[in-house]
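Asker: I'd like to ask some things about the structure below.
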Amino acid sequence: MNSILQAREGSLPRAAVVLGSVLLLGACASTPPAPTASLQAAQRAIATAEGAEAGRYAPGELAEARTGLASADRAVSEQRMMMAAQFAEESRVEAELASARTAAVKARDVNDEMTHSTSTLIEEMQRSSGVKP
Amino acid sequence: MNTANLSGALNSGSALIATAVAAILLASCATAPSKPDGAAEARTKLTQLQSDPNLANRAPLAFKEADTAVRTAEQPQADKDLAAYRVYLADRKVEIARAQAQTSLAEDQRSVLSAQRERARLDARTREVDAAKDQVVTARAESAEQKVVAEQARGAADAARLAAASSEQQAAELQRQVDTLQAKPTDRGLVLTLGDVLFTTGRADLKTGASGNLNRLVAFLDKYPDRTVAIEGYTDSVGSEEYNQGLSERRADSVKSYLAGQGIDAIRISASGKGESDPVSGNDSAAGRQQNRRVEVIISNPAPGIPAASLR
């Protein structure tokens, strides 16, 4: 029991140290490959937002997501892969925000419309009962 | 990723070594770590969102991601660009969590709104029905002239309906009923004359067994519920004018009571006494006086589509 715990506790930080060292050294030294997965994820998130009419309901966020993706592509072409990965991630998160805000606005619009139609009904009732002889 | 693992390892004994290695590695890239700008604001936004009773616990996954992102942003980071990038991500993830929670809240509120709208619709329908009832009452309260106009309109509608449907058949049926009743079509309507055989001389109550013709009238009125009747009592000239007036009124009322007792709505029946004022024959002979002692029942003509003139 004890030995298993020790083995776990020992292996985790060691792996972290190795991984961390590789990443940090990598940042300082050689150029990593292009962040293809992140770029694709950003593209998909933008497409999803567009499909949900974010262009109408959250145009600012969608535009920012597109700008981020363009910046990521430019960074790739400039061989700045760390930057490219960050831009791609920013773009994806911004596109997700565009989708989330679009959904929120749509949900609120539906509720507003329901509230409006209800109050219109009530107003009409009051008006017609006011005219009553 | 690596920083999180490093912090998780702080508890263990080997953490010291890990920290030392990380510090050396970080130092090799940049200067000493500093507190990231904007991380505190992201934390404040998240805390506010988490303490909003309407929004907290609504989008648990997004809240968790936002919390993780804020924690990451709060890590000391010497690379200012990386720190700013993490703060930016944290801020956006808090906003995503907020938007998702708002969506969830709106969806929950919808059932309440839907119930409110249904209630309003029901109220509106109820009021429409009430208004229609009011209109009926108003129409009833209209002046006699307007009633005549309405009657004519209804008559026209009836006529149209009759023409469109089996007008001939209905006319024939009415004719049969009128024949059974032995009523006479006039400009005032169908006039049914009930002789004095209904009453004992000088009395106003109906004779028992004198109801045959009246029952045919009841059957007729049952069949034509849109028709109203005016009952008029007449006497001969024997006796004082006042007495005859009263007697004629009481006899007309008797007939009205009888009809009402047979289930004819009293609203459809009016009764009046004409006394000796309008004889149909001379009062100088017994036969003439007998003809003058009578009750006339005038049945309204609601349907000009079947004009009285078309009846025999």
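Which chain is which? The protein sequence lines are A and B, in order.
To convert, note that position 60 of the first sequence is 170 in my numbering; the numbers rise steadily by one, no gaps.
To convert, note that position 262 of the second sequence is 264 in my numbering; the numbers rise steadily by one, no gaps.
Note that the Cβ used here is the ideal one computed from N, Cα and C, for glycine as well.
Buried or exposed for residue 211 of chain A, please, with buried defined as at least 16 other CB atoms from any protein chain shown within 10 angstroms of its CB.
Answerer: buried
Asker: State yes or no: is the beta carbon of residue 1 of chain B nearer than 8 Å to at least one beta carbon in chain A?
Answerer: With chain B represented from 3 up to 314, any question about residue 1 of chain B goes unanswered, as that position is not in the structure.
Asker: Name, please, each residue of chain A whose Cβ falls closer than 8 Å to the Cβ of residue 115 of chain B.
Answerer: 221, 224, 225 and 228
Asker: Can you say whether residue 166 of chain A is buried or exposed, counting buried as having 16 or more other CB atoms within 10 angstroms of its CB?
Answerer: By the beta-carbon neighbour count (other beta carbons within 10 angstroms, threshold 16), residue 166 of chain A is exposed.
Asker: Would residue 94 of chain B and residue 74 of chain B qualify as a contact pair, given that the criterion is a beta-carbon distance under 8 Å?
Answerer: no
Asker: For residue 104 of chain B, return the contacting residues in chain A, with the cut-off set at a CB-CB distance below 8 Å.
Answerer: Those within 8 Å of residue 104 of chain B in chain A are 214, 217 and 218.
Asker: For residue 231 of chain B, count the other beta carbons within 10 Å of its own beta carbon; 16 or more makes it buried, fewer makes it exposed. Which is it?
Answerer: buried
Asker: Which residue comes first and which comes last in the beta strand (DSSP E) that contains residue 188 of chain B?
Answerer: 186-188
Asker: When the Cα of residue 42 of chain B is compared with those of B:184, B:58, B:77 and B:64, which residue comes out closest?
Answerer: B:77
Asker: Strictly under 8 Å for the Cβ-Cβ distance: is residue 51 of chain B near chain A by that measure?
Answerer: By this cut-off, residue 51 of chain B is not an interface position.
Asker: Does DSSP put residue 236 of chain B in a helix, a strand or coil?
Answerer: strand
Asker: In angstroms, rounded to a whole number, what distance separates the CA positions of residue 69 of chain B and residue 50 of chain B?
Answerer: Cα to Cα, the separation comes out at about 12 Å.
Asker: Taking the DSSP output, what are the residues bridged to residue 275 of chain B?
Answerer: Bridge partners of residue 275 of chain B according to DSSP: B:235.
Asker: Identify, in the order they occur along the chain, each residue of the same chain with its Cβ nearer than 8 Å to the Cβ of residue 223 of chain A, setting aside the five sequence neighbours on each side.
Answerer: none
Asker: Nearest to residue 293 of chain B by CA position, among B:251, B:283, B:109 and B:301, is which residue?
Answerer: If we check each option's Cα against that of residue 293 of chain B, B:283 comes out closest.
Asker: Against chain A, with Cβ distances strictly below 8 Å, would residue 39 of chain B count as a contact?
Answerer: no
Asker: Below 8 Å, can you find three or more Cβ-Cβ pairs linking the stretch 187-199 of chain A to the stretch 141-151 of chain A?
Answerer: yes
Asker: Please look up how many angstroms separate the CB atoms of residue 213 of chain A and residue 101 of chain B, rounded, as I've assumed it's under 8 Å.
Answerer: 7 Å
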